[in-house]
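For the sequence shown, the UniProt record's numbering assigns the number 1 to the initial residue and increments by one for each residue that follows.
The structure under discussion appears below in the form of structure tokens.
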Amino acid sequence: MTMQRFISKAPANTMLLGEHSVVYGQPALACALDQWIEIEWQQREDQKVLIFSEIAQHTCDLQQLEIHPKLRFIGLALKHFQSALLQLGHGWELRVLSEFPSTIGLGSSAAVLAATLAGLNQITKSKLSKLELWQIGKEIIVEIQGRGSATDLAASLFGGVVFIQPPTEKQALKIESLPVNMDILLVYSGYKTPTAEVLEIVAQNWKAQPEMLDALYREMGQITQGAYHALTEHNWPVFYHSFEQYQSLMERLGVSDMTLDFLIAQLRACPLVWASKISGSGLGDCVLAIGEVYSKHRPQREKKPLLHECPEPEVVKNYLQLQLPISPIGTHIKNEPVQQA
């Protein structure tokens with residue numbers, strides 16, 4: 001019997017613009033980053049599924065497919081393809097490897113889900129498009145989290161800078177990957193408030209002013225839409241300014257705090273940083289800084305860390321940080337399946 005073995009890869013991701021408002025139908029911009037989740041797939045002779053990762057290890061029968069509570073994204077993806085997997089008549093061993101820690105905001109759950117879906121698409125020869133994989137993944141995210149725009153999943157699947165317009169009564173779904181290059185610096189505040197908790201805090205703080213909250217989300221959407229058009233038109237000053245505008249709305253929403261404000265102020269004072277804001281839902285987690293946008297027509301002029309020549313670099317260096325380029329490549333199979341005797 002020949003045994004298949006291959007690797008599926010998905011890049012890390014981070015939100016650029018659209019936090020909070022995307023949940024309510026407004027557009028968002030996110031990007032794939034050049035750090036990777038890899039899943040090694042090894043065919044088995046029996047019908048068992050073995051999953052090995054840093055957070056958990058799990059063994060189950062493909063027929064029953066019990067889902068480990070710490071591996072729900074992988075488990076529900078397997079569940080979706082269960083019938084097709086059973087028809088193949090054999091099980092699989094999955095080894096999940098990550099180049100980045102889950103503590104810093106790089107969308108590890110979405111990247112794992114993207115790599116799992118790509119691997120299952122390969123195994124079952126389903127020939128699903130990335131958009132179809134995204135739709136499956138979004139259903140899984142909503143099942144686990146109760147809500148979610150799956151913007152992070154789109155970034156990991158498609159690569160580059162991804163614009164997403166969620167489907168609404170007035171808008172059709174749109175996902176577009178833009179070939180934009182710039183360096184992204186993420187600085188971790190040292191603490192994190194779960195997104196569901198942040199959303200609940202916002203809901204409580206604004207429950208007496210629902211119309212004003214809706215107006216704020218619309219304004220966020222307009223800024224994100226404007227940033228998208230600025231990218232497509234190569235209007236970099238407008239693109240950079242969008243981050244400052246969006247950050248002011250995050251502050252008005254009530255999800256910035258003293259630590260995040262301090263870090264953003266420090267980053268904005270750096271000469272190689274063109275924009276900075278919260279990345280994620282706020283009240284902790286990360287702030288991001290972006291360097292100058294570059295392309296083949298606009299070569300990168302600086303090969304230096306974004307913190308180079310900052311007024312007080314040691315202050316920011318006390319925080320966990322990671323600088324990465326955008327990955328133009330999204331989720332993919334690393335190599336053709338190798339047949340092993």
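Note that beta-carbon positions come from the ideal geometry of N, C-alpha and C, so glycine has one too.
Here the segment 231-241 does not lie against the segment 37-55, with fewer than 3 beta-carbon pairs under 8 Å apart. CA-to-CA, the gap between VAL287 and ASP61 works out to about 42 Å. With contact defined as three or more Cβ pairs closer than 8 Å, the segment 278-294 and the segment 189-200 are in contact.
Across the set LEU33, GLN26, ARG5 and PRO27, the C-alpha of LEU33 shows the shortest separation from the C-alpha of LEU186.
With distances taken between CA atoms, ILE329 lies nearest to VAL162 out of SER109, SER256, VAL162 and LEU117.
The residue among ASP183, LYS170, LEU88 and GLN26 with its C-alpha nearest the C-alpha of LEU17 is GLN26. Taking the Cα of CYS31 as reference, the smallest distance to any Cα among TYR24, LEU78, ILE201 and ASN181 is reached at ASN181. In the three-state reduction of the DSSP assignment, THR14 falls in the strand class, which pools E and B.
The beta carbons of LEU272 and LEU306 sit closer together than 7 Å. Judged by their CB atoms, THR124 and PHE81 are nearer to each other than the 7 Å cut-off.
When C-alpha distances from HIS241 are compared across ALA275, ARG218, CYS270 and LYS174, the shortest belongs to ALA275. No residue range can be given for LEU71, since it is assigned to no alpha helix (DSSP H) and is classified by DSSP as neither H nor E. Of the candidates PRO179, PHE52 and MET250, PHE52 places its Cα closest to the Cα of ARG95. Put simply, the segment 129-136 touches the segment 148-162. At least three CB pairs are less than 8 Å apart. When DSSP states are grouped into helix, strand and coil, GLN82 belongs to the helix group. THR59: not part of any alpha helix (DSSP H); member of the beta strand (DSSP E) spanning 57-61, first to last residue. Under DSSP, GLN42 shares a beta bridge with ARG5 and GLU93. The C-beta distance from PRO167 to SER149 rounds to 10 Å, too long to meet the 8 Å contact threshold. Bounds of the beta strand (DSSP E) holding PHE52 are 48-52. By the Cβ neighbour-count rule, GLY89 is exposed, with fewer than 16 other Cβ atoms within 10 Å of its own. Distance between TYR217 and SER21, taken at the CA atoms: about 5 Å.
GLN225 and GLY291 have their C-alpha atoms spaced approximately 20 Å apart. Apart from the 5 residues on each side of it in sequence, PRO69 has no Cβ closer than 6 Å to any other Cβ in its chain. A residue is called buried when at least 16 other Cβ atoms come within 10 angstroms of its Cβ; ALA227 meets this threshold and is buried. For ASP183, DSSP records a beta bridge to PRO325. Distance between GLN222 and ALA118, taken at the CA atoms: about 33 Å.
As summarised for the segment 192-225, there are no continuous beta strand (DSSP E) elements at least 3 residues long confined to that stretch. Rounded to whole angstroms, the gap between the alpha carbons of LEU263 and LEU85 is 48 Å.
Rounded to the nearest whole angstrom, the CA to CA distance from TYR319 to SER8 is 32 Å. By the CB criterion at 7 Å, ILE175 and ILE164 fall inside the cutoff. The shortest CA-to-CA distance from TYR188 to any of THR2, ILE55, LEU260 and LEU29 is the one to LEU260.
With a cutoff of 7 Å on beta-carbon distance, MET220 and LEU249 are scored as near each other.
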